[in-house]
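Read through the structure below, which is laid out as structure tokens, and then see the notes.
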Amino acid sequence: MVTTRHSERHGALGFVVSVGWGRPEVLRDLKAAKPSCAVSTMGGTRRVSLRCGKFSTLRCSAAVSDGMAESSAREARLPWDESIAGKEHKLLFMPFIVHQNDRMRSEFEVTDLPFAKELSFQSSERKAARIESWCYRTPEFRKIRSTYIDAGIAAQVWNSVWYPDPAYDLPLLGIDFLSFGKKKVLCILDFQPMSQDAQYLAKYIDPLASIKSKYPGLAGQMSARFYDENQFFSKQLAFGRFENADPVMAELYPAFKEYLEAYIAAIKRATPSTDPEVIAYNLQRQKDYDQYSAERDPAVGLFSTYFGSEWAERFTHDFLFEHSVPVPKTSAPGERAVAPGANSSD
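Read in numbering that gives the first Met the number 0, the sequence shown has 45 at position 46, and its numbers run on one by one without any break.
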């Protein structure tokens with residue numbers, strides 16, 4: 000794939016917006032449209048939108064020098080040597096993030112996707128706990144984010160989501176591994192589908208069956224308490240609930256590596272669309288995923304416990320699920336608030 004870039008200088012603010020697409024014909028139309036910049040602020044982070052004729056539905060987030068964090072230099076300090084709670088506590092999921100980063104960098108042209116510094120790292124004033132996040136993009140992925148929470152034996156959490164460039168209709172790669180205390184380990188690993196159409200599922204989800212069948216400990220059923228498994232989850236979701244950490248490296252780690260390799264292979268085989276309507280639809284489905292997840296993710300409560308509710312709210316909507324909006328306080332318990340312009344149907 001040929002990667003092309005266009006830079007647009009915003010005179011009033013004096014910074015450059017750099018936009019990358021893997022499709023030269025899109026770039027030609029973009030230049031002809033004479034893009035204009037609009038700047039908005041959310042949670043202390045300035046975001047730049049390019050409005051470019053027929054591409055007005057496409058947005059990009061631009062790095063603004065002040066108050067923004069990059070990830071590569073901090074990634075170089077991985078793996079961490081010891082837990083913030085003491086060297087006797089194991090950093091249970093650290094091998095996973097290291098392996099993912101190695102594979103990401105060996106297979107793709109990776110650049111940092113800057114985000115607000117105050118959301119990149121936080122340590123708790125209440126308990127021995129820290130959270131750090133990293134964010135990247137490639138020509139194939141508009142966003143690859145990763146977050147690790149270390150609170151010693153009390154909590155070890157690693158979460159990561161890969162968002163394809165909307166020219167691709169691939170599922171998102173969703174990873175959520177959590178350990179609380181000595182006897183509660185929860186693991187969720189899935190190709191999170193953007194459609195429940197039978198042909199779509201046969202193309203992207205069914206091939207995972209041969210991998211999942213190797214790992215009986217990951218054949219559990221996810222609770223419907225927080226999520227509807229028929230929305231943004233697949234039948235080949237790997238779900239494990241363990242009473243100790245032994246299966247993490249014995250079963251989860253090899254399964255994770257196989258799912259990751261299958262996902263990389265899928266994006267390598269994929270052909271990006273050049274149809275603006277298809278691209279807009281794919282992006283909308285990713286926005287719907289963000290809204291759906293922000294309203295239901297139980298980890299938000301964990302963030303609040305350790306790092307405060309105000310920071311947790313910003314982290315959820317400005318970093319984890321940037322296309323979501325907070326649920327109105329007037330909403331009834333369990334009622335879904337739909338983001339403005341979002342497609343509430345699945």
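Glycine is no exception: its CB is placed at the ideal position from the N, C-alpha and C atoms.
N- and C-terminal bounds of the beta strand (DSSP E) containing residue i
i, result
"residue 144", "140-149"
"residue 240", "237-241"
"residue 122", "120-122"
Beta-carbon contacts of residue i that lie in its chain and below 6 Å, excluding the five residues immediately before and after
i, result
"residue 88", "82, 151, 152"
"residue 240", "185, 219"
"residue 165", "278, 281, 282"
"residue 263", "106"
"residue 236", "189"
Cα-Cα separation, residue i to residue j
i, j, result
"residue 209", "residue 257", "10 Å"
"residue 98", "residue 133", "14 Å"
"residue 215", "residue 314", "35 Å"
"residue 110", "residue 172", "19 Å"
"residue 126", "residue 149", "11 Å"
"residue 177", "residue 93", "12 Å"
"residue 140", "residue 191", "15 Å"
"residue 168", "residue 193", "7 Å"
"residue 6", "residue 243", "With a pLDDT of 36 at residue 6, under the threshold of 50, the modelled position of this residue cannot be trusted, and the question is left open."
"residue 201", "residue 303", "39 Å"
"residue 238", "residue 108", "31 Å"
"residue 205", "residue 160", "20 Å"
"residue 198", "residue 269", "15 Å"
"residue 84", "residue 71", "25 Å"
"residue 187", "residue 276", "32 Å"
Per-residue DSSP class, three states only, for residue i
i, result
"residue 102", "helix"
"residue 136", "strand"
"residue 163", "strand"
"residue 326", "coil"
"residue 190", "strand"
"residue 4", "The predicted model places residue 4 with a pLDDT of 35, which falls under 50 and marks its position as unreliable; any figure quoted below should be read in that light. In this structure, residue 4 counts as strand in the three-state DSSP scheme."
"residue 232", "coil"
"residue 248", "helix"
"residue 373", "A query on residue 373 cannot be resolved here, the shown segment of the chain reaching from 0 to 345 and no further."
"residue 213", "coil"
"residue 79", "coil"
"residue 221", "coil"
"residue 259", "helix"
"residue 270", "coil"
"residue 156", "strand"
"residue 97", "helix"
Opening and closing residue of the alpha helix (DSSP H) in which residue i lies
i, result
"residue 202", "197-203"
"residue 175", "Here residue 175 belongs to no alpha helix (DSSP H); instead the beta strand (DSSP E) covers 171-179."
"residue 306", "298-306"
"residue 292", "275-295"
"residue 74", "71-74"
heavy atom of the ligand NAD below 7 Å from residue i C-beta
i, result
"residue 68", "Ligands displayed in this structure: none; no statement on the ligand NAD is therefore possible."
Whole-angstrom C-beta distance between residue j and residue i, which should lie under 8 Å
i, j, result
"residue 158", "residue 174", "6 Å"
"residue 305", "residue 128", "4 Å"
"residue 254", "residue 301", "Going by Cβ atoms, the distance from residue 254 to residue 301 rounds to 24 Å, so no, they are not a contact pair."
Neighbourhood of residue i by C-beta distance below 7 Å, restricted to the same chain and skipping five residues each side
i, result
"residue 289", "320, 321, 322, 323"
"residue 265", "169, 203"
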